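Visitor: For the record, in the sequence shown the residue sitting at position 175 is 175 according to UniProt numbering, with numbers rising by one throughout.
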Amino acid sequence: MMRTNYGASPGDISGMDTERLRAEFLVDGLFRPGAIEFVYTHIDRMIVGGAVPLANPLLFGHGADVGTELFFTAREMGIANLGGGGTVTVDGRRFAVADRDIVYIGRGAREVALESDDPERPAHFYMNSVPAGAEIPHRLIAKGEAKPLVLGEEARANKRTLRMYIHPEVAPSCLLLMGITDLAPGSVWNTMPPHLHERRMEAYCYFDLGAADRVVHLMGRPDNTRHLIVADGDVVLSPAWSIHMGAGTGPYAFVWGMTGENQAYTDVDPVAVKDLR
Numbered sequence: 001m002m003r004t005n006y007g008a009s010p011g012d013i014s015g016m017d018t019e020r021l022r023a024e025f026l027v028d029g030l031f032r033p034g035a036i037e038f039v040y041t042h043i044d045r046m047i048v049g050g051a052v053p054l055a056n057p058l059l060f061g062h063g064a065d066v067g068t069e070l071f072f073t074a075r076e077m078g079i080a081n082l083g084g085g086g087t088v089t090v091d092g093r094r095f096a097v098a099d100r101d102i103v104y105i106g107r108g109a110r111e112v113a114l115e116s117d118d119p120e121r122p123a124h125f126y127m128n129s130v131p132a133g134a135e136i137p138h139r140l141i142a143k144g145e146a147k148p149l150v151l152g153e154e155a156r157a158n159k160r161t162l163r164m165y166i167h168p169e170v171a172p173s174c175l176l177l178m179g180i181t182d183l184a185p186g187s188v189w190n191t192m193p194p195h196l197h198e199r200r201m202e203a204y205c206y207f208d209l210g211a212a213d214r215v216v217h218l219m220g221r222p223d224n225t226r227h228l229i230v231a232d233g234d235v236v237l238s239p240a241w242s243i244h245m246g247a248g249t250g251p252y253a254f255v256w257g258m259t260g261e262n263q264a265y266t267d268v269d270p271v272a273v274k275d276l277r
C-alpha cells in the first residue's frame, strides 16, 4: 500500500493550521502489525516505509506504484530494524538483522522478503528509498560496523552519538545516506545548532519513545518557524529549505535518511539559535 505526499514550499506554511502542517510534513501509521506501508513523497522522491511482519513474511518488489517494472529498477533502499530480530531476504540472499542493524539494497533487486524471528516480539523495519543511477551490491551493516560520532555537550542537554551506516566512509550507495542517532541520558536536543541542507532533504523517524512522551520538532524557515508534536514511530519530512531540530519529553532516538545533490555530511548551513523566530 502506498500513499503520496506532495510537499509544500516555504511560503505555504504561514497559512497552514496544525492538521495541514502534519498532513504535509509528518507521516504516521507506518508500523502496522502484519503489514507494509509506504509513502511516496515528492520531496526528492524519497519513499519512506514501515513493516511489522508477524507469522508470515511480508513481500514487495513490483514497480507499479513507482512507474517501473520493479520497485528497484531505478531505486536503492536502506532498511533499519528498530525492533526484535528479523531477516531481510533479497532475491534469495538472507541477511539476519538485529535491532539497530541496517540493510542496504542496491538498484536491480527483484524481490524483498521481511520476516520476524519471533512474532511475539516482531521486527520493526523502517525503510528509506531514493532514485539511484548505479548498481551497488546489497549488504548488511551491523551496528558495530557503523561509524560513531559523539557530538554535543551534557551541559547544553544535546550530547548524542550519531552513527553513520549508509555513508561513503562505511557502506557506499548512489545517493542515499542513512544512520541512527541516540541521545545521552539526560539530553533532550537532537541536533545543535539547527541548520539547513540546501542541497539535500532529510527524513527523521523518531523511535524508542515512551507511550506518553513526545518530541517537539521545529521546522520552517529560520525567520518563520513552526513545530510538530511527534510520537513514537512518526516520521518528519524535512525539505531542503527547512531547519530541523527537536527536543523530547523523555528518552528517544531517531533514524535519519538523506538524499540530494551530494553525500557530504558537512554540507550544511548552520543557523544561530539567537536568529530563530
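Beta carbons are placed, not taken as given, at the ideal position from N, Cα and C, and that holds for glycine. These figures come from a predicted structure and were not determined experimentally.
#1: Find the nearest neighbour of residue 283 within the set V235, F71 and D12, judged by alpha-carbon distance.
#2: Helix, strand or coil for R200, going by three-state DSSP, please let me know.
#3: Roughly how far, in whole angstroms, is the beta-carbon of D65 from the beta-carbon of G85, given that I think they are within contact range, below 8 Å?
#4: For D182, which three-state DSSP category applies?
#5: Could you give the DSSP three-state label for G15: helix, strand or coil?
#6: Using CA coordinates, which residue listed in H244, T225, W241 and P251 is at the minimum distance from D232?
#7: On the DSSP letters alone, give me the boundaries of the beta strand (DSSP E) that Y6 sits inside.
#8: Have a look at R34 and R277 and give me their C-alpha separation to the nearest angstrom.
#9: Can you list, in chain order, the residues of its chain whose CB lies under 7 Å from that of I229, leaving out five sequence neighbours each side?
#10: In chain order, what are the residue ranges of uninterrupted beta strand (DSSP E) at least 3 long that sit wholly in the region 84 to 110?
#11: If you follow the beta strand (DSSP E) that L162 is part of, which residue opens it and which one closes it?
#12: Report the residue from A123, M77 and A113 whose alpha carbon sits nearest the alpha carbon of D99.
#13: Measuring CA to CA, which of G144, D269 and P119 is closest to P193?
#14: Kindly indicate which three-state DSSP category L114 falls into: helix, strand or coil?
#15: When DSSP labels each residue in this structure, what does residue 278 get in the three-state scheme?
#16: Excluding sequence positions up to five away, which residues of its chain have a Cβ less than 8 Å from the Cβ of V271?
#17: Around the C-beta of E37, are 16 or more other C-beta atoms found within 10 angstroms, so that it is buried, or is it exposed?
#18: To the nearest whole angstrom, what separates the beta carbons of V112 and F60, a pair I think is in contact under 8 Å?
#19: My output table needs one value for V27: the three-state DSSP class, helix, strand or coil.
Guide: The relevant details are as follows:
#1: The structure shown has nothing for residue 283, since the chain only spans 1 to 277.
#2: strand
#3: The pair is not a contact, with the Cβ atoms about 29 Å apart (cut-off 8 Å).
#4: strand
#5: helix
#6: P251
#7: Per DSSP, Y6 belongs to no beta strand (DSSP E) and is neither H nor E.
#8: Looking at the sequence shown, residue 34 is not Arg but Gly. Going from the Cα of G34 to the Cα of R277 covers about 43 Å.
#9: Answer for I229: R214 and V216, listed in chain order.
#10: 86 to 90, 93 to 97 and 102 to 105
#11: R160 to I166
#12: Selected option, being the one with the closest Cα: A123.
#13: D269
#14: In the structure shown, the three-state DSSP call for L114 is strand.
#15: As displayed, the chain neither begins before 1 nor continues past 277, which places residue 278 out of reach and without an answer.
#16: P193, P194, H195, L196, P222 and I243
#17: buried
#18: Yes, they are in contact, since the Cβ atoms of V112 and F60 sit about 6 Å apart, within 8 Å.
#19: strand
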